[in-house]
Amino acid sequence: MKRQQFKLGPMDNLSYIIWDEASREAAVIDPAWEPAKLAEFMKKEGLQLQCVLLTHAHPDHVNGVDFFTGPTPELPVYLHEADQFMLPEKPRGLKAVADGEDLKAGTLAIGVMHTPGHTPGSVCYRYGGAVFTGDTLFIGECGRVDLPGSSAEDLYESFVKLAALPDGEAVCPGHSYNGDKSTFGVQKEYNLYLKLARTGRREDFLKAVG
Ligand SMILES: [Fe+2]
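The numbering of the sequence shown is the numbering used here, which starts it at 1 and goes up by one.
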């Protein structure tokens, strides 16, 4: 169970490739801006792309999807149903993910957590001891909730769920804002929003994100 992080584009987006070392089967998370770099890495490592996983549908996370679906239109593209209306074009292989699902992509098994707030269909993916948090949880920060479809109340509930994850799991965010990676143990100590959610301080959380 391996992962590689890529910082791409003008907004410090983080894309990821995850793969199984034995089967060489892989998934790409939030391909955007410079998808050729992701493809180049997969080629170098001899990886076979099984699917695209989208944490949410904002353009800076999905603008590289058609690079992969162009040559293989049936490639599965996973996105929560509540964000699918935001896609300018729906890929032929578009599939919905649901909370608690154990998604199978070849030999990969990927956990799905629905974590609305930044967008109604934001999800976090869990694979190999890491959680890919998109724009829900950043290092020391939380995602914006002042956008169309955002909800601070939903984000609080999502943070309550995230605060229950094991300390040893890695946080792999969707942007490199205050850093590129951390662990839930460290974030529960130092991320104000995770701390407030962990201790049930809903009103303080809503004030802090407001
Ligand atoms: Fe976003």
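Built from N, CA and C at the ideal position, the CB exists for glycine as well.
- [ ] State the start and end residues of the unbroken alpha helix (DSSP H) segment that holds Pro173.
- [x] Element bounds for Pro173: not the alpha helix (DSSP H) but the beta strand (DSSP E), 170 to 173.
- [ ] Find out if the Cβ-Cβ distance for the pair Val62, Tyr78 is shorter than 9 Å.
- [x] no
TODO: Determine the burial state of Met42: buried for a count of at least 16 other Cβ atoms within 10 Å of its Cβ, exposed for fewer.
DONE: buried
Open item on the list: Taking 7 Å as the limit between beta carbons, can you name the residues of its chain near Ser182, skipping five residues before and five after?
Closed with: Ile139, Val171
Open item on the list: Three or more C-beta pairs under 8 Å: does that hold for the segment 152 to 170 against the segment 104 to 117?
Closed with: yes
- [ ] Enumerate in chain order the residues of its own chain whose CB-to-CB distance from Thr199 is below 7 Å, with the five nearest sequence positions on each side excluded.
- [x] none
Task: Element boundaries [beta strand (DSSP E), containing Gly111] - done: 108 to 114
Task: With 16 other Cβ atoms within 10 Å as the buried cut-off, status of Met113 - done: buried
- [ ] State the Cα-Cα distance for the pair Met86 and Ala57, rounded to the nearest angstrom.
- [x] 6 Å
Open item on the list: At a cut-off of 8 Å, would you count Asp146 as near ligand 1, judging by its Cβ distance to the nearest heavy atom?
Closed with: no
Open item on the list: Any residue with its C-beta under 5 Å from a non-hydrogen atom of ligand 1 counts. Can you list them all in chain order?
Closed with: His58, Asp135
Task: Opening and closing residue of the beta strand (DSSP E) in which Glu89 lies - done: That residue, Glu89, is in no beta strand (DSSP E); it is neither H nor E in DSSP.
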